[in-house]
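Have a look at the structure below, then the notes.
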Amino acid sequence: MVRKRLGEILLEAKKIKEEDLQRALSEQKKYGEKLGKVLVRMGILSEREILEALSSQLKIPVINLDKLEVDEKVLGLVPKELVNDFMVFPIGRHNNVLKIATSDPLDFSALDEISRITRMEIDVYLASEEEIRRALDRYYGIKTKIEETLQEIREEGEKKEEELEEKEIQILAGVEEEPVIKFVNSLISQAIADNASDIHVEPYEKTMRIRMRIDGRLREVPSPSKKMFLPIVARIKVMANMDIAKTRIPQDGRFDVVENGRQISVRVSTYPSVYGEKVVLRLLDKSSSLYGLDSIGLLEEDAEKIKKMLKKPYGFVLSTGPTGSGKTTTLYAMISYLNTTEKNIVTIEDPVEYTIENVTQAQINVKAGFTFDEGLRAILRQDPDIIMVGEIRDRETAQIAIHAALTGHVVLSTFHTNDAPSALTRLIEMGIEPFLCASAVTCVVAQRLIRKLCNECKEPYFPPPEVLKDYGLPEMIYRAKGCPVCRGTGFRGRTGIFEVLVMDDTIRELVVKKAPSDVIRRASKEGGMVEMKEDALKKVALGITSLEEALAVTQVD
């Protein structure tokens, strides 16, 4: 096999440009990941595109491991530890030749090591890393990190666990009890691997429960016995620099971890319940690649409306929706669209979720007096063109943002309302003069997140005629089925559903008159606004999501 580097192969295959490669190499140096993973994370290429380029350039066939049956004798040729460490999978044998599936055929040290240990020649095939992980789970029974850690703890004996009493928590946290450290580390590591957004650690009378929020839904994971609950909570609080002695009042803290080159910021919140403190950890991947306006789920017409509003030299653009609806991701997509060397972009956030090149970003610090309104005042002295305020939380911040938009700045921020028209009436309720609101606001983007159907298993569905008529759907749509790829849920990943309200003279007049939100909604629809439920149904028609999911998220009867 010709020993070329991945970047060289992708350039020859014309899959990437030189500037893309240099950006990825710079990112690789920063986080120490393999180049392929960096390219996928940055959104430059998909894993499938990389595999196709490798296959074409190196003449290595691509196989589908999900549809392959492997002889147990072949599995026994390569030690379990080796396949797990190198992320490879033995698929067959012919005489003294061992057939190996890998997502990285350029990892020659791994292939050489397997050849040395098995004393066989290696014939390489290509498969995605996800397919290899599923094959390892299926054939080798490799457990999740949490299950492995719980098994280790059980094997080491539960004497220490049984001796724990509440008064010993502080001592335990101080001496860093090994089983507790192992479990908490494995819990966070597993959550990162599963792309979970939150971890819930919950106490009950005789048990404890651990759940992870994946694709917007909470899923239960294996939990240790209740005797480990107190030291686990203490360990998390120590990591988050919280007071472990205070158990009867809510606390907030944070810490950072690096996992496989990914820089994760973890926000921790405790809440005193009847049976102990409930702990919720929110995970933010700072090293994730930013989404563009064309990849967050906006339909083309809505994306163009937003781009047109952002091109204006001034104006207040609001992204609104409930907590966890993807508002901040939308703001970052707008920033990415506006980000040029000709613009001075300054942000004030809580926290800084992603770092963006050529953008000055700051994080609020309430204890030091650096709040959103104080930060916004300071930004206005920094000669900004574009200002991003993480959230409009009070009247003072709203007033400063409105005045900034009226004095020649583009201001972007998030707000908590259920739909776009309500954002305008809510600003007035906060004490903003109606004429200022009407003059400053140029666009309101309301949104939710909806689960996407798994492309590997979604199946055609022919709804009854009355359903087609009620929702204006085509004769055939798709519904969830469930497979190993999506862990039996039928869904994989999420996308946004939106309604984009663009201010025009009619709506401005209604705002000045303090018209209710339902009147503004009717006028917005007449002006061309697509409501969120309509946007969701369009995504049903496109096969992106199911009808049940669309109706559940938009709360349509």
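Just add 139 to the spot in the sequence shown (first one is 1) and you have our numbering.
The beta carbon of each residue, even a glycine, is placed where N, CA and C say it ideally should be.
A quick note: this is a predicted structure, and the numbers were derived from the prediction, not measured.
Candidates Ser-336, Lys-620 and Thr-634, of which the one nearest Ile-435 by Cα: Thr-634
Name the one or two DSSP bridge partners that Ser-165 has. Partner(s): none; Ser-165 has no beta bridge.
Under the three-state DSSP convention, the category Asp-276 falls into: helix
Can you tell me where the alpha helix (DSSP H) holding Ser-552 begins and where it ends? No alpha helix (DSSP H) holds Ser-552; the beta strand (DSSP E) holding it covers 549 to 554.
If you reduce the DSSP assignment to three classes, tell me which class Ser-685 lands in. coil
Just how far apart, CA to CA, sit Ile-256 and Leu-216? 9 Å
Roughly how many angstroms separate the alpha carbons of Asp-441 and Glu-158, rounded to a whole number? 30 Å
Go ahead and label Ser-552 buried or exposed: buried means 16 or more other beta carbons lie within 10 angstroms of its beta carbon, across all protein chains shown. buried
Could you compute how far the alpha carbon of Ile-353 sits from the alpha carbon of Val-651? 43 Å
Determine the DSSP secondary structure at Ile-199, reduced to helix, strand or coil. coil
One or two residues paired with Ser-267 in a DSSP bridge: Answer is none; Ser-267 lacks a bridge partner.
Based on DSSP bridge pairs, tell me the residues matched to His-705. Nothing in the structure corresponds to residue 705, since the chain is present only between 140 and 696.
What residues match up with Thr-536 in a beta bridge as DSSP calls it? None; Thr-536 has no bridge partner.
Where does Glu-670 sit, in a helix, a strand or coil, going by DSSP? coil
Given Val-669 as reference, the closest of Glu-439, Glu-535 and Arg-520 once Cα atoms are compared: Glu-439
Do Cys-593 and Arg-618 count as a contact pair if the criterion is CB distance below 7 Å? no
8 Å Cβ shell around Ile-230 - same chain, five flanking residues per side excluded: Ile-202, Leu-204, Leu-207, Val-209, Val-213, Lys-238, Ile-239, Ala-240 and Tyr-264
Starting from Thr-469 and walking both ways along the alpha helix (DSSP H), at which residues does that stretch end? 466 to 477
Skipping 5 residues on each side, what residues in its chain have a beta carbon closer than 6 Å to that of Glu-359? Arg-350
Classify Thr-494: buried if its beta carbon has 16 or more other beta carbons within 10 angstroms, exposed otherwise. exposed
Residue from Cys-625, Gly-629, Arg-660 and Ile-636 with nearest C-alpha to Met-642: Arg-660
Tell me whether Lys-446 sits in a helix, a strand or coil according to DSSP, three-state version. helix
Name the DSSP bridge partner or partners of Thr-486? Gln-500 and Met-527
Using 10 angstroms around the beta-carbon of Gly-627, count the other beta-carbons present and answer buried if the total reaches 16, otherwise exposed. exposed
Note down, in chain order, each residue of its chain lying with its Cβ closer than 6 Å to the Cβ of Asn-380, except the 5 sequence neighbours on either side. Gly-392
Three or more C-beta pairs under 8 Å: does that hold for the region 445 to 461 against the region 598 to 615? no
Unbroken stretches of the alpha helix (DSSP H), 4 residues or longer, contained in the region 586 to 615: 604 to 610
I'd like the list of long-range same chain contacts for Arg-187, defined as Cβ closer than 8 Å, with 5 residues on each side in sequence excluded. Ser-267
If you compare alpha carbons, which of Asp-657, Glu-648 and Leu-612 is closest to Glu-673? Leu-612
Cβ shell of Ile-261 (< 7 Å), same chain only, five flanking positions each side left out: Leu-237, Ile-239, Leu-250, Ile-253 and Ser-254
I want to check one thing, is the minimum distance from the CB of Glu-535 to the heavy atoms of the ligand GDP below 6 Å? This structure does not include the ligand GDP; it has no bound ligands of any sort.
When Ser-404, Leu-275 and Pro-318 are compared against Glu-220, the one with the closest alpha-carbon: Leu-275
Bridge partners - Asp-395, DSSP secondary structure assignment: Ser-404
If you compare alpha carbons, which of Lys-376, Leu-190, Thr-386 and Met-259 is closest to Pro-244? Leu-190
Near Pro-342, what residues of its chain come up, given a Cβ to Cβ distance below 6 Å and the 5 sequence neighbours on each side ignored? Phe-368, Tyr-414 and Gly-415
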